[in-house]
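Encoded as structure tokens, the structure appears first; notes follow it.
Numbering (UniProt numbering), first residue to last: 1 to 100.
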């Protein structure tokens with residue numbers, strides 16, 4: 001039986017799941033053997049979290065609840081790591097906020 005895991009996390013990053021955050025998210029997802037998918041609703045549609053094009057196409061803004069699921073080897077670790085990355089604002093802190 002294959003391992004599987006699911007979680008939800010609130011996107012608090014100022015620009016949401018845009019270019020830089022999407023790149024960081026997909027790079028991390030690719031480090032796991034598990035199949036990893038994201039959705040903006042529990043019932044989908046689900047997108048390949050290892051595809052930068054598909055992740056950016058979600059256009060998930062700040063305040064979106066991101067649904068993450070994984071199946072296969074390392075599924076729990078993949079979901080945990082991706083949830084933590086989102087919670088940490090994609091490791092950008094206050095540096096991602098532009099000032100005029």
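Cβ atoms here follow ideal geometry from the backbone N, Cα and C, with glycine treated the same way.
How about the segment 72-92 and the segment 13-27: do they share at least three Cβ pairs that are nearer than 8 Å?
yes
Between which two residues does the beta strand (DSSP E) carrying residue 87 extend?
Note, residue 87: premise wrong, no beta strand (DSSP E); alpha helix (DSSP H) at 75-87.
Residue 10 - DSSP class collapsed to helix/strand/coil
strand
Under a Cβ-count criterion, where at least 16 other Cβ atoms within 10 Å of its own Cβ denotes burial, should residue 50 be classed as buried or exposed?
buried
Tell whether a beta-carbon distance below 8 Å holds between residue 25 and residue 55.
yes
Quickly, what does DSSP pair residue 47 with across the bridge? List them, please.
38
Expected contact under 8 Å - CB spacing of residue 29 and residue 76 to nearest Å:
With a Cβ gap of about 14 Å, residue 29 and residue 76 do not count as contacting.
Find the nearest neighbour of residue 39 within the set 80, 70, 85 and 88, judged by alpha-carbon distance.
70
Residue 37 burial status per 10 Å Cβ neighbour count (16 or more: buried)
buried
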